[in-house]
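Asker: There's a structure below that I have some questions on.
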Amino acid sequence: MAASRLVVGITGATGAAYGVKLLQRARALGLQTHLVVTPSGVLNAHHELGLDRGALEALADHAYAPGDVGACLASGSFGTAAMVVAPCSMKTLAAIANGLSDNLLTRAADVTLKERRRLLLMVRETPLNLAHLRNMIAATEMGAIIYPPLPAFYLRPKSIDEMVAEGVERVLGLLGFEGAAPHEWAGL
């Protein structure tokens, strides 16, 4: 069962479409999703996509409040395959990089790292300051994968949705989920 469990965090960084598409695609692949959305994540999803907390949580198999630090995700005994924070704000990155488990999302990330599971952070910010870069290094040194959702323009996407979908496929492929279908570069 743990091999099919994916934890998804959505924070207040721009790019809520990545978290939504990830949940949709994970469902299509038969993965069991466990979602934590921060209050800023809800605010941003509403602004960018017109979705409220209920609509976001309906996309997941299980949803938890950020303050529910007693939920199953807070324990390493609850097996999961991986965790993705999509998008990942610099605040959440800083908390993860410094072991500050102040809510369920950051605690779940801490558990993912301590259990040596895959943690992928779709960080969203530009330009980057020194604190951002240092936090990315710290998270990487602990085993996290820093994955800014940069579009692959060489695939000539025709819409934002195509760019988001390809980014999500690459994430699922990188995490080793069967059925992920990122485009492979065939060369020129």
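In the working numbering, the protein residues as written are 5 to 192. Glycine included, each C-beta is placed from N, C-alpha and C at the ideal position. Predicted model only: the values in this text are computed from it and were never measured.
Start and end of the alpha helix (DSSP H) containing G47?
Answerer: This sequence places Leu at residue 47; Gly is not what is there. Note, L47: alpha helix (DSSP H), 43-53.
Asker: Three or more C-beta pairs closer than 8 Å, one from the region 71-85 and one from the region 51-61: is that the case here?
Answerer: No, the region 71-85 is not in contact with the region 51-61.
Asker: When the Cα atoms are used, what is the spatial distance from R120 to S79?
Answerer: 13 Å
Asker: Could you give the C-beta distance for L104 and T110, rounded to a whole number, given that I count them as a contact under 8 Å?
Answerer: 6 Å
Asker: Could you tell me whether the region 8-23 touches the region 82-90, using the rule of 3 or more Cβ pairs below 8 Å?
Answerer: yes
Asker: Kindly indicate which residue of R29, N139, K25 has the alpha-carbon position closest to the one of E182.
Answerer: R29
Asker: In whole angstroms, what is the alpha-carbon distance linking A98 and A64?
Answerer: 26 Å
Asker: Going by the beta-carbon positions, is the gap between I14 and G34 smaller than 8 Å?
Answerer: no
Asker: Quick one: complete alpha helix (DSSP H) runs, 4+ long, within the region 81-121?
Answerer: List check, alpha helix (DSSP H) in window: 94-101, 108-118.
Asker: Would P186 and E173 qualify as a contact pair, given that the criterion is a beta-carbon distance under 8 Å?
Answerer: Yes. Within cutoff.
Asker: Going by C-alpha to C-alpha distance, which of A101, N107, D114 sits closest to V127?
Answerer: A101
Asker: Report buried or exposed for A85, applying the criterion of at least 16 other Cβ atoms within 10 angstroms of its Cβ.
Answerer: buried
Asker: If we ignore side chains and look at the alpha-carbon of each, how far apart do L192 and L77 end up?
Answerer: Distance from the CA of L192 to the CA of L77, rounded to the nearest whole angstrom, comes to 45 Å.
Asker: My output table needs one value for V73: the three-state DSSP class, helix, strand or coil.
Answerer: coil
Asker: Can you tell me which of the three DSSP states L33 falls into?
Answerer: coil
Asker: Measuring alpha carbon to alpha carbon, tell me which residue in A190, M140, A184 is nearest Y158.
Answerer: A190
Asker: Quick one: measure Cβ to Cβ for L176 and I149, integer angstroms, because I've assumed they're closer than 8 Å.
Answerer: Actually they are not in contact, since the Cβ atoms of L176 and I149 sit about 13 Å apart, beyond 8 Å.
Asker: Quick check on DSSP: helix, strand or coil for R57?
Answerer: helix
Asker: Relative to the C-alpha of M5, which candidate in H38, L26, V24, G23 has its C-alpha closest?
Answerer: It is H38 whose Cα lies nearest to the Cα of M5.
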